[in-house]
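Positions in the sequence shown are counted from 1; adding 1195 to them yields my numbering.
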Amino acid sequence: MTDRPLYKAPRSGPQVVPSEGRPITCSTFAFSAQNSPAPFPSAPQNSMETPLALFHRPVNFISQQKLFAWIEQSQQQDLARVRTLSLRLTDIDLSPLLAATSSSGRGESESAWSLYNTELERLDSALRCLPGLEHITIVPPSRNKSSLLSGIYRSFLSQIPKRCLKLQHLVIYDLETLLETVPGLKSVRKVDFEEPTSSPRPSRSPNSLHGRMMADKGKAKDAVVKMEVDTDDG
C-alpha cells in the first residue's frame, strides 16, 4: 500500500471557489463533503435567524472532522464572521494502515507519519478559513497519546498565533508547562490553562494499529510533527 500523498499548503492561503447558489469551498481540504460527518454547531439553527446572526454565535466541535465538514459546507464570507471557536482534537483514523503492516513495521510507521502530517495541514487550512477568530478554546486529545499525536497537537497550537491575528483570548485544557514546548503561545494577548480533568471526556474508540505502534518494544521516542508553512500570506 502506498503512502498517502501530502498536500502542500498554498502560500497565498486557502483558495476559495465562488459558486452562485451554493457554499464556496476552501480547496485546501482534501476530502469529500458527502463522506464527512455532519457539522456540530453550538446551538440549533433557527430558520427565523439571519445567517449573520448564526455565524456570530460561538461554535463548538467535538472533533476536527466536524470542523472540516462545517467549513466545507459554509460560505467564506460567513466563516469570516466567526469570532468564537471551541474545538476538541481527536486522534486520526489509522484503520487504512491495517492492510499495510509489514514484518519490520517501518512502512507502517512511515504511512502513519503521512496521515498525521496531512491532518496537521488540514487543521492549518481550517485556521486560514477563520480569519476573524478572537476567542478560541482547545481541548487536547486524550492524555494517552502517541508521540506523533503529541507532535500534531503542539504544532497546531504553534500555528494559532500565526493564523489568528485578531485572537484576544486562548483557553487550553492543559498544563501551563505547555508554554515551554510551544513558546509561540506567549505572543497571544491572553492565554488561560484549565485543568485537563475538568474537560468533558471524549468517547473512546480503540485502535489496534495505534496500540501496536505504541508498544513497539519501547523504542518510541518523542517526535514533533513538522510542517513547512509559509507564515507570510501576503
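Idealized CB from N, CA, C, for every residue including glycine.
If you check the beta carbons only, do residue i and residue j fall under 7 angstroms apart?
i, j, result
"Leu1362", "Val1383", "yes"
"Leu1284", "Pro1253", "no"
"Ser1281", "Thr1332", "yes"
"Leu1262", "Ala1307", "no"
Taking residue i as the reference, which of the options has the closest Cα?
i, options, result
"Arg1323", "Val1334, Val1366, Lys1340, Lys1357", "Lys1357"
"Pro1326", "Pro1335, Thr1279, Leu1292", "Thr1279"
"Tyr1368", "Gly1379, Ile1347, Val1386, Thr1376", "Val1386"
"Asp1319", "Phe1388, Ile1347, Ser1341, His1330", "Ile1347"
"Asp1286", "Ile1257, Ala1264, Gln1270", "Ile1257"
"Leu1289", "Val1377, Leu1344, Pro1378", "Leu1344"
"Val1366", "Glu1390, Leu1360, Pro1378", "Glu1390"
State the start and end residues of the unbroken beta strand (DSSP E) segment that holds residue i.
i, result
"Asp1288", "Premise fails: Asp1288 is in no beta strand (DSSP E) and is neither H nor E."
"Thr1332", "1330 to 1334"
"Ile1367", "1364 to 1367"
"Asn1339", "Careful: Asn1339 lies outside any beta strand (DSSP E) and carries neither H nor E."
"Val1254", "1254 to 1256"
"Val1383", "No beta strand (DSSP E) contains Val1383, which DSSP labels as neither H nor E."
For residue i, I'd like the list of residues in its chain whose CB is within less than 6 angstroms of its CB, leaving aside the five on either flank, ordered along the chain.
i, result
"His1330", "Thr1279, His1364"
Between which two residues does the alpha helix (DSSP H) carrying residue i extend?
i, result
"Ser1281", "Counting along the chain, Ser1281 falls outside any alpha helix (DSSP H), though it belongs to the beta strand (DSSP E) covering 1279 to 1283."
"Leu1343", "1342 to 1358"
"Gln1260", "1259 to 1267"
"Thr1376", "1373 to 1376"
"Leu1274", "1271 to 1274"
Excluding the 5 residues preceding and the 5 following residue i in the sequence, name in chain order all residues of the same chain whose CB lies nearer than 7 angstroms to its CB.
i, result
"Thr1376", "Arg1349"
"Glu1371", "Phe1388"
"Leu1328", "Val1277, Arg1278, Leu1280, Cys1359, Lys1361, Leu1362"
"Pro1236", "Any reading at Pro1236 needs caution, since the residue's pLDDT is 42, under 50, leaving its predicted position unreliable; the model's value is listed next. These residues qualify, in order along the chain: Val1254."
Would you be able to state if there are at least three C-beta pairs under 8 angstroms between the stretch 1264 to 1278 and the stretch 1344 to 1360? Result no; under three Cβ-Cβ pairs closer than 8 angstroms.
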